[in-house]
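Participant:
Residue numbers (the working numbering): 6 to 146.
1) Are the beta-carbon atoms of residue 90 and residue 58 separated by less than 9 Å?
2) Determine the direct distance from the alpha carbon of residue 103 to that of residue 115, and round the result to whole angstroms.
3) Taking residue 107 as the reference, which of 120, 98 and 75 has the closest Cα?
4) Taking the runs of the alpha helix (DSSP H) that are 4 residues or longer, which of them lie wholly in the region 29-96?
5) Apart from the five residues just before and just after residue 69, which ones in its own chain have a Cβ nearer than 7 Å to its Cβ?
6) Evaluate residue 136 with the Cβ neighbour count: other Cβ atoms within 10 Å of its Cβ, from every protein chain shown; 16 or more gives buried, anything less gives exposed.
7) Suppose contacts are defined by Cβ-Cβ distances below 9 Å. Is residue 53 in contact with residue 127 by that definition?
8) Could you say which of 76, 80 and 101 lies nearest to residue 88 if we only look at CA atoms?
9) Count the other C-beta atoms from every protein chain shown that fall within 10 angstroms of the C-beta of residue 117, then say buried if there are 16 or more, exposed otherwise.
10) Shorter than 8 Å, the distance from the beta carbon of residue 134 to the closest heavy atom of the ligand GDP, or not?
11) Between which residues of its own chain and residue 8 is the CB-CB distance below 6 Å, once the five residues before and five after are set aside?
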């Protein structure tokens, strides 16, 4: 997770007045997996504006995928719409898009059709599997 703000002190949300939402710092979270959702929910009551960007409109609880594969659970039991998870947070917006890059100098998250400015950026894009030099294992994972 990366948090950064240009040319200022670290964010101390206790010092931001609650009526300052229009001028509140903008936190952009890329990824709505465990880390991204945890960060977004943690900022739900903070005097910041939060934007969550993910390329899918749902969160899948991956540890239970095997139970869907064995018909013990239905897919609906282990997935939820991202907007449903964060829907009660007035300070949070969800964007369905694929991030193509980050312009660190301009502090903008880049997508195919637009860009979003940020004061703080959280990169929570997930993990990559390691096949320990055996790429042929990928088809069985």
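Even for Gly, the Cβ is constructed at its ideal location relative to N, Cα and C.
A quick note: this is a predicted structure, and the numbers were derived from the prediction, not measured.
Facilitator: In short:
1) no
2) 9 Å
3) 120
4) 39-47, 70-74 and 87-91
5) 78 and 83
6) exposed
7) no
8) 101
9) exposed
10) The model on display carries no ligand, and the ligand GDP is accordingly not part of it.
11) In this prediction, residue 8 has a pLDDT of 49, which is less than 50 and means its spatial position is unreliable; what the coordinates show is noted afterwards. The answer, listed in chain order, is 125.
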